[in-house]
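Structure first, then comments.
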Amino acid sequence: MVIMQKRYMFLTFLILAMIFVIAFVAERNNCDSSISGQFHFKSKKCKELSPAKLLVTSLSTDRFIGVDELASKIIAEDPTYILIDIRDKYQFEKYSLPGAINVPFNKIPEVNDKEPFYKSSAYVKVIYSNNTLLADQAWIILRRMGCKNIKVLDGGLNSFFLTLMTPTKPKQTDSGDAFDLYRFRKSAGGYFGMPNPQEFFPAQQLAIYKAKRKIDIAPRTKMTDGNRAKVKKKVKLVKKKENKIEEEEEDEGC
Amino acid sequence: MGTSNKSFAIVIALLLLLFVAAIFYVTKDTRNIVPFTSEPDKVLKDVLDEYNKISPIKVAKQAMKNDPSVVFIDIRNQYKYLKGHLPNAKNIYKADILNKENINYFHSLEELGKQAILYGDDVVEANAPFMILKQIGIENIVLMESGYSFFENNNLKAVSEMGELEMGSETAALDFAELIKNEKIKYDKISKEEEKVKINAIKSKKNNLKINKKKEVIFKRKQAQSPIKEIEKEEDDDEGC
Chain A
1 MVIMQKRYMF LTFLILAMIF VIAFVAERNN CDSSISGQFH FKSKKCKELS
51 PAKLLVTSLS TDRFIGVDEL ASKIIAEDPT YILIDIRDKY QFEKYSLPGA
101 INVPFNKIPE VNDKEPFYKS SAYVKVIYSN NTLLADQAWI ILRRMGCKNI
151 KVLDGGLNSF FLTLMTPTKP KQTDSGDAFD LYRFRKSAGG YFGMPNPQEF
201 FPAQQLAIYK AKRKIDIAPR TKMTDGNRAK VKKKVKLVKK KENKIEEEEE
251 DEGC
Chain B
1 MGTSNKSFAI VIALLLLLFV AAIFYVTKDT RNIVPFTSEP DKVLKDVLDE
51 YNKISPIKVA KQAMKNDPSV VFIDIRNQYK YLKGHLPNAK NIYKADILNK
101 ENINYFHSLE ELGKQAILYG DDVVEANAPF MILKQIGIEN IVLMESGYSF
151 FENNNLKAVS EMGELEMGSE TAALDFAELI KNEKIKYDKI SKEEEKVKIN
201 AIKSKKNNLK INKKKEVIFK RKQAQSPIKE IEKEEDDDEG C
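From first to last, the protein sequence lines stand for chains A and B.
The first sequence begins at 1 in this note's numbering and counts up by one.
The second sequence begins at 1 in this note's numbering and counts up by one.
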């Protein structure tokens, strides 16, 4: 009896040891260790991609985000969008999109250890530069290091300024969509600092302008004996309104 | 006891067989044929290096000369390749670029001392295969700085005779901060002028109201005074009959 128990114990121990070894070997293999000849025991390097995987993810053009889409996300203050500017410090300080962080191109490989949002797929990281190519190259490096959910601004800041901030007015024969896009771009440009021109008013200013016009167009009634009191009242009201508008105008110009 | 010993031995033998089979299955390496050989730092330096890019004008010149030391590689799909490609270009679809035969082809080019120039529909399309090949360790490849669409509109000969274009894509097209400043200055000027005009209009209307009021007061005073004078005049006329 005792010998039988020993045998079974030996058997179970052997099986457990085998399972452990198999799991260990499997871990090492699926680790996708990208540097050849190096052995990593479930370490950070595990998260790096293999060339085949990287090629497959780079084939789709999903990683590009258009200028209009990005502008609408910035205006909506979407908290899951993080803008990364890969130009150098001087260009970044001169001008950058609101809320962007600066990671110069030379310092991209060091990003791995810094912030946790690079690894998480909950945040959408949008890389942008003056044009598309450098941002795309940064994307490949970051993707190889294992960062998830990274996008590239298609066209860069050049396209941003040439299409969004200074849109061309569509001709009368263009479709309604073109006019909608033009309107959207004008109002988005207003958010980013471009002043709205006279041809396109936001709602508030339009209301004030209309109110002013009513007062200017109102017909002047003749002063006859019976009318005197009413007309005096109207003149007083008109004066009051004009004073109010002047006060509002003063307030606006801060 | 003997049979139990035998059965025990059989069980252990079977287990060992399973164990060996399991290890064999797990270590079967179908995917990771080619690993990366360079760290991201080196990749960065490679990317910024000027010698890893070539302008389309130089490419056109080499194509016109039939330069033997250079091979064009079209990474688009075969339909686009058949529509039109650079002369003597080889078609390797970008998804197949890590196949064994293609990698051997690149190595053979290296042995022959030739340089491979990758191009696609635009720079960004060829960028990913270029970078991946570089990271695998293939050195003799170069990226063309624009796409095949550059040659679709312009004849190959015409392109080869163009002056060197600055394809430097990383420069800003315009000074962004200056643009916003200037637009604001312009708008402030315009809005100030318009405000002046409006204020003047309102002022003039106020003045008109005042003037009208004054006129009416004067008119009433005149009316109050004038009836007496008219009656006096009528009496004078009656006297002379």
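Glycine residues also receive a C-beta, built at the ideal position from the N, C-alpha and C atoms.
Taking 9 Å as the cut-off between beta carbons, the residues of the segment 82-116 of chain B near chain A are Lys94, Ala95, Ile97, Leu98, in sequence order. A Cβ-Cβ distance of about 7 Å is found for the pair A/Ile101 and A/Asp85, placing them in contact under the 8 Å criterion. Residue state for B/Gln115 is assigned as strand, using DSSP reduced to three classes.
Taking C-beta atoms as the reference points, A/Asn149 and A/Ser129 fail to come closer than 8 Å. Cβ contact annotation for A/Asp154 (same chain, cutoff 8 Å, sequence separation greater than five): Phe64, Ile65, Gly66, Val67, Thr132, in chain order. In the DSSP assignment, A/Lys151 falls within the unbroken beta strand (DSSP E) covering 150-153.
Residues of chain A with a Cβ closer than 8 Å to the Cβ of B/Asp41 are, in chain order, Pro109. Under the three-pair Cβ rule at 8 Å, the segment 62-78 of chain B counts as touching the segment 107-122 of chain B. Unbroken beta strand (DSSP E) stretches of 3 residues or longer found wholly inside the segment 13-89 of chain B: 70-74, given in chain order. Per the coordinates, the alpha-carbon of B/Ala126 lies some 7 Å from the alpha-carbon of B/Leu143. Residue contact with chain B for A/Pro195: present (Cβ-Cβ distance below 8 Å to some residue of chain B). The continuous stretches of alpha helix (DSSP H) do not include A/Lys125, which lies in the beta strand (DSSP E) extending over residues 124-128.
For A/Leu83, the enclosing beta strand (DSSP E) stretches over residues 81-85. Residues are counted here when their Cβ sits less than 8 Å from a Cβ of chain A; for the segment 122-134 of chain B these are Val123, Val124, Asn127, Ala128, Pro129, Met131, Ile132, given in chain order. Comparing alpha carbon positions, the residue from B/Ala128, B/Lys58, B/Ser69 closest to B/Ala116 is B/Ser69.
A/Cys147 has its alpha-carbon roughly 26 Å from the corresponding atom of A/Ala23. Straight-line spacing of the CA atoms in B/Tyr187 and A/Pro195 works out to 7 Å. Between the beta-carbon of B/Val34 and that of B/Ile185 there is about 58 Å, and that puts the pair past the 8 Å contact cut. DSSP places A/Ala76 in the coil class of the three-state scheme, outside both helix and strand. One Cα belongs to B/Ala89, the other to B/Tyr25, and the distance between them is close to 41 Å. DSSP places B/Val142 in no alpha helix (DSSP H) but in the uninterrupted beta strand (DSSP E) bounded by 141-144. When the alpha-carbon of B/Lys58 is set against those of B/Lys42, B/Thr37, B/Leu86, the nearest one is in B/Leu86. At a C-beta separation below 8 Å, A/Asn149 has no neighbours in chain B, since its nearest C-beta there lies roughly 18 Å away.
Separation of the CB atoms of A/Tyr81 and A/Val124 is rounded to 5 Å, and the pair is thereby assigned contact status at 8 Å.
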